Amino acid sequence: MAKLFYYYSTMNAGKSTSLLQASYNYSERGMKTALFTYRPAPDAELIEISSRIGIREMARPFGPSTDFSVELAGSTPHCVLVDEAQFLSSDQVRQLATIVDERGIPVMCYGLRTDFRGELFSGSAALLAWADTLTELKTICHCGRKATMVVRVGPDGSVEREGGQVEIGGNDRYVALCRKHFCRAHATGVCGGWHPQGVQSAG
Numbered sequence: 772m773a774k775l776f777y778y779y780s781t782m783n784a785g786k787s788t789s790l791l792q793a794s795y796n797y798s799e800r801g802m803k804t805a806l807f808t809y810r811p812a813p814d815a816e817l818i819e820i821s822s823r824i825g826i827r828e829m830a831r832p833f834g835p836s837t838d839f840s841v842e843l844a845g846s847t848p849h850c851v852l853v854d855e856a857q858f859l860s861s862d863q864v865r866q867l868a869t870i871v872d873e874r875g876i877p878v879m880c881y882g883l884r885t886d887f888r889g890e891l892f893s894g895s896a897a898l899l900a901w902a903d904t905l906t907e908l909k910t911i912c913h914c915g916r917k918a919t920m921v922v923r924v925g926p927d928g929s930v931e932r933e934g935g936q937v938e939i940g941g942n943d944r945y946v947a948l949c950r951k952h953f954c955r956a957h958a959t960g961v962c963g964g965w966h967p968q969g970v971q972s973a974g
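Pasting the structure below:
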């Protein structure tokens with residue numbers, strides 16, 4: 772039976788790698804997948820999803836006005852995979868749920884649970900409510916604890932407390948932290964796990 776899956780995590784937990792591996796597993800068995808990733812104003816027919824370990828695949832862009840029922844009309848992929856799913860709207864999550872329920876197509880969504888302020892993304896809130904299966908993809912804080920939060924830093928490593936929730940790219944500006952070090956970073960304005968080259972140190 773088809774399900775709506777949500778794989779969520781903080782930054783650098785391998786979400787895109789997991790999505791691309793799932794797509795590869797389908798294609799290896801001769802099955803077709805439909806991949807989507809977010810762009811605020813989709814201006815290309817296809818864009819690339821890439822992982823930190825070097826694997827990549829082309830995907831269709833989705834934005835705030837995308838209707839997945841329309842996008843998938845006339846095609847029957849064996850699975851739909853959505854990257855950057857935290858940027859889905861509540862209506863889009865319901866569209867994907869309808870595709871699962873009415874067309875029997877599994878949908879696998881991958882995204883961040885919370886933003887750099889510790890607040891739920893709207894897409895994540897909807898998926899946490901509507902998905903059949905929830906799976907946390909884990910990574911670690913610089914202290915060794917499980918990382919559940921993310922901070923955004925400026926060029927000098929100072930913690931940003933304000934700013935837009937949506938930022939495409941710039942992964943080196945985000946640091947995955949446990950709750951303790953997230954709270955400490957926001958209290959002090961200094962991120963202990965930040966490194967100028969975007970590598971999280973143990974200092």
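Residues in the sequence shown are numbered from 772 upward in steps of one, following the working numbering. All C-beta atoms in this analysis are idealised placements derived from N, C-alpha and C, irrespective of residue type, glycine included. Note that the structure is predicted; figures quoted are calculated from it, not measured.
In the three-state scheme derived from DSSP, where H, G and I count as helix and E and B as strand, THR837 is classed as coil. By the Cβ test, the segment 895–907 is in contact with the segment 776–793, since at least three Cβ pairs between them sit closer than 8 angstroms. Taking the CA atoms as reference points, THR869 sits about 9 angstroms from ILE876.
The beta carbons of ARG823 and THR847 sit no closer together than 9 angstroms.
For ALA918, the pairing in a beta bridge is given by DSSP as THR910.
Look at the beta carbons and you see the segment 888–898 not touching the segment 815–835: under three pairs across the two are nearer than 8 angstroms.
Beyond the five residues adjoining it in sequence on each side, VAL853 comes within less than 6 angstroms, by CB distance, of PHE807, CYS880 in the same chain, given in chain order. As computed with DSSP, MET782 is found in no beta bridge at all.
When DSSP reads this structure, ALA805 sits in a beta bridge with VAL851. Beta-bridge analysis with DSSP links ARG923 to GLU931, TYR945. The segment 915–930 and the segment 790–799 do not touch, with fewer than three beta-carbon pairs separated by less than 8 angstroms. Under the three-state reduction of DSSP, LEU843 is assigned to coil, being neither helix nor strand.
Taking a C-beta distance under 9 angstroms as the contact criterion, TYR809 and PHE833 qualify as a contact pair. Going by C-alpha positions, ARG865 is about 10 angstroms away from ALA900. A direct Cα-Cα distance of roughly 11 angstroms separates MET802 from VAL851. The three-state reading of DSSP puts ALA830 in strand, counting E and B together. DSSP places CYS880 inside the beta strand (DSSP E), whose first and last residues are 878–883.
Beta-bridge partners assigned by DSSP to LEU859: none are found.
Pairing ARG944 with ASP927, the inter-Cα distance amounts to about 10 angstroms. Take SER929, set aside five residues on each side of it, and the residues of its chain with a beta-carbon closer than 6 angstroms to its own are GLY960, in chain order.
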